[in-house]
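Those letters in the sequence shown? Residues 11 to 501, per my numbering, in order. Okay, structure first, notes after.
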Amino acid sequence: MKFFSNHKVAIFFVMAFVIRLISLNQSLWLDEATTAIAVQTHSFWNIVTQFSPSDFHPPLYYLFMKIWTGIFGYSEVALRVPSVLFSLGAGWFVYKIGKIISGSRIGVRDDKNVGFWSASFFLLNPLIIYYSQEARMYSMATFFIAASFYYFVKYLRSNAKRLTSNFWIMNMFFILSFYTFYASSFYIAAVWIYLLMSKRYKLIMFSVVSFILPLLLISPLLYLQLLNSRVALEQVTNWASILGNVSVKNLALIPIKFTSGRISFEPKMIYYMLAGGWMIALFGMIGMSSIAAINKVRMLLFFLTIPLLLGLFFSFFSPLLQYFRFQYLIVFLSMLLALGMGSIPFFSTASPRGAQAIVSKKVSSPMVVNVIGMLVLMVFISWSLLYLLNPQFHREDWKSLAQELHKEEASVYMILSSSDSLKYYAPEVEVQDLRSLTNQEKKILIIPYTSDIHGVDYQTVLQETHILRRTQSFRQLTYEYWQVLEPAENL
């Protein structure tokens, strides 16, 4: 027990790392395969000038992955390890922030365990675990945001009258996060709003000015991406719904997924009861602690809510209201949970004050706090293991589809812009664009993946001349084997 107490931080980081290795070699899904194909087939310069204009993301993650894959290769594990490491790094900064805010004027109480619980809630959060296994930029952006917030809090805690290295390092991570993931701008704007409300005008001025040059450098690319995104919204029938329209459902999914992770299951009623009840319990704990000590947790509440409100407002003009784009807010959610456990009163005590007065107060039992913390972690781990140990909850199984495809003798059709996964697993397969499908070929194999998003009705093209002989299903994927009608079948 003493060993655990002395090394609990290291133990939890090792546990978090081991958990992230489970099923790390599962099949890549479309966006991950796009990452692999992009860095494998483009030079550094071409990533910026040819690939990025149509990708809608800044190029820093791809440039980093170009270097990484040049050393470690393009396997599923090699592609995902950076996200694993970035998520652990973000957890380390959450731990450091928790240590700073506990006992400070922006913290709740002097508790050395706030950092530990904050990092534990972050590292074992089921949504963070899911995306720490994805070869995309989200964990990298979360790492940069956590790092910037650490130096921001460190600078505020120092009460420095001049611009110290903490301030400039914070701004450096602003730039890195923006060059990794554009939605980081909502967090950056929230920092500026916070400084404005705190009347720290000098800090705002220097922070904004330091951001202008990097913004100007990337603005030509950003302009092209905005133009291309408008074209995609006009040409792709259901693209806006994929990006994330403003809706009650998309808003409700944010707190639910933040607390129960990426997965969903049938029956939906049971899922929403479990996930919704768990979400209410956790946010209820934060709510009670906020009522008890609003001045103490106001800063974290501000950074949990303001970036989301800015993203909501932006989504009325350009849809992006999907929960995974705001996963960096779990940095602040984790610290609020850690602080919340310690500010909920569990029993009363009394202490003398002055010569005669007796002051009664409610305090939290350290043992009760530890029990609640372990219960939260156990539920988090349960949600994560439900995903990790059940292949049905894993990503699209392009690996198995590609293996089966080699046995078929037919022309393969699918939406070309969605074919990177097939290119990754079966580069020798010639794929034709589903939008150019005719009824002239005798044997046709169709992968209808994203055809509904693009509004392609291939069945109408084939229904009079071909018949669907069979459908082969894989995880979240299918392909259909169509064959020309025989004379007897036309009768």
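For glycine and all other residues, C-beta sits at the position ideal for the given N, C-alpha and C. From a predicted model like this one, the values you see are computed outputs, not experimental measurements.
Beta-bridge partners of residue i, as assigned by DSSP
i: PHE484; result: LEU487
i: LEU478; result: TRP492
i: VAL441; result: VAL422
i: ILE290; result: Answer by DSSP bridge pairing: none, since ILE290 is not bridged.
i: LYS18; result: Its beta-bridge partners do not exist; DSSP assigns none.
Host alpha helix (DSSP H) of residue i (start-end)
i: MET424; result: Unbroken run through MET424 is the beta strand (DSSP E), 421-424; no alpha helix (DSSP H).
i: LEU106; result: A quick correction: the sequence has Lys, not Leu, at residue 106. Counting along the chain, the alpha helix (DSSP H) containing LYS106 begins and ends at 86-111.
i: ARG146; result: No alpha helix (DSSP H) contains ARG146, which DSSP labels as neither H nor E.
i: ASN449; result: Neither: ASN449 is in no alpha helix (DSSP H) and is coded neither H nor E.
i: SER43; result: First, the residue type needs correcting, since residue 43 is Ala and not Ser in the sequence shown. ALA43 -> alpha helix (DSSP H) spans 40-51.
i: GLY80; result: 70-82
i: ALA199; result: 194-207
i: ILE185; result: 175-190
i: ILE463; result: 461-464
i: THR59; result: Premise fails: THR59 is in no alpha helix (DSSP H) and is neither H nor E.
i: ALA129; result: 123-133
i: LYS433; result: 430-435
i: GLN469; result: 468-472
Option nearest residue i by Cα separation, candidates the options
i: ALA285; options: ILE273, ASN181 and GLN482; result: ILE273
i: ASP41; options: GLN493, GLN469 and THR460; result: THR460
i: VAL28; options: THR44, LEU95, VAL58 and LEU415; result: LEU95
i: GLN486; options: TYR161, ARG405, LEU472 and SER429; result: ARG405
i: LEU415; options: ASP430, GLU438, PHE403 and ILE290; result: GLU438
i: ARG258; options: LYS278, GLU496 and LEU331; result: In the sequence under discussion, the amino acid at residue 258 is Val, which differs from the Arg named in the question. Out of LYS278, GLU496 and LEU331, LEU331 has the C-alpha closest to the C-alpha of VAL258.
i: ALA193; options: LEU205, PHE154, LEU213 and ILE296; result: PHE154
i: GLN442; options: ILE391, HIS464, MET25 and SER421; result: SER421
i: LEU385; options: PHE103, ALA291, GLU474 and VAL471; result: ALA291
i: GLY101; options: TYR333, ALA26, LEU89 and PRO92; result: ALA26
i: ALA436; options: HIS17, ASN16, LYS18 and LEU38; result: LEU38
i: LEU31; options: TRP492, LEU399 and SER429; result: LEU399
i: LEU173; options: PHE184, ILE21, ARG210 and ALA157; result: ARG210
i: LEU346; options: LEU98, SER128 and LEU89; result: SER128
i: ASP462; options: PHE66, PHE324, ILE252 and VAL379; result: ILE252
i: MET75; options: GLN60, PRO92, ILE185 and GLN482; result: PRO92
i: SER64; options: GLY294, TYR233 and LEU411; result: TYR233
i: VAL381; options: LEU395, PRO401 and ALA348; result: ALA348
i: HIS476; options: SER427, ASN176, THR448 and LEU227; result: THR448
i: SER325; options: SER483, LYS212, GLY254 and TYR161; result: GLY254
i: ARG146; options: VAL24, HIS67, THR59 and GLU496; result: HIS67
i: PHE8; options: GLY271, VAL494 and THR481; result: The structure shown does not extend to residue 8, since the chain spans only 11 to 501, so no value can be given for it.
i: GLU490; options: LEU231, GLU496 and LYS453; result: LYS453
i: THR45; options: PHE23, ALA88 and ILE301; result: ALA88
i: ILE198; options: ILE280, LEU318 and SER239; result: LEU318
i: PRO230; options: PRO69, VAL379 and HIS17; result: PRO69
i: PHE390; options: GLN337, MET289, LEU411 and ARG479; result: MET289
i: LEU432; options: ASP407, VAL471, TYR338 and LEU314; result: ASP407
i: SER139; options: SER112, SER239 and PHE23; result: For the record, residue 139 in the displayed sequence is Ile; it is not Ser. Minimum Cα distance to ILE139 is reached at PHE23.
i: GLN60; options: TYR434, ILE214, ARG445 and GLN235; result: GLN235
For residue i, the first and last residue of its enclosing beta strand (DSSP E)
i: LYS417; result: Element bounds for LYS417: n/a, residue is neither H nor E.
i: LEU455; result: 453-456
Sequence ranges, beta strand (DSSP E) only - wholly within the stretch 237-267, length at least 3: As far as the stretch 237-267 is concerned, it has no whole beta strand (DSSP E) run of at least 3 residues.
The stretch 262-273 / the stretch 241-252 touching (three or more Cβ pairs under 8 Å): By the Cβ test, the stretch 262-273 is not in contact with the stretch 241-252, since fewer than three Cβ pairs between them sit closer than 8 Å.
Examine the Cβ distances between the stretch 166-174 and the stretch 185-204 and report whether three or more of them are shorter than 8 Å. In short, these stretches do not touch, since the Cβ pair count stays below three.
Using 8 Å as the cut-off, can you tell me whether the stretch 132-146 makes contact with the stretch 174-182, which would need three or more C-beta pairs spanning the two stretches below that distance? Using a C-beta cut-off of 8 Å, the stretch 132-146 makes no contact with the stretch 174-182, since fewer than three inter-stretch Cβ pairs fall below that distance.
Evaluate the contact criterion for the stretch 209-228 versus the stretch 333-344: three or more CB pairs, one atom per stretch, below 8 Å. Result no; under three Cβ-Cβ pairs closer than 8 Å.
Per the contact definition of three or more C-beta pairs closer than 8 Å, is the stretch 72-83 in contact with the stretch 105-112? With the rule of 3 Cβ pairs closer than 8 Å, the stretch 105-112 does not count as touching the stretch 72-83.
Starting from the N-terminal side, write out each stretch of the alpha helix (DSSP H) that is 4 residues or longer and does not extend beyond the stretch 390-416. DSSP runs (the alpha helix (DSSP H)) wholly in the stretch 390-416: 408-415.
Inter-stretch contact at 8 Å, needing at least 3 Cβ pairs: the stretch 465-475 / the stretch 377-392: Contact between the stretch 465-475 and the stretch 377-392 is absent: fewer than 3 CB-CB pairs across the two stretches fall below 8 Å.
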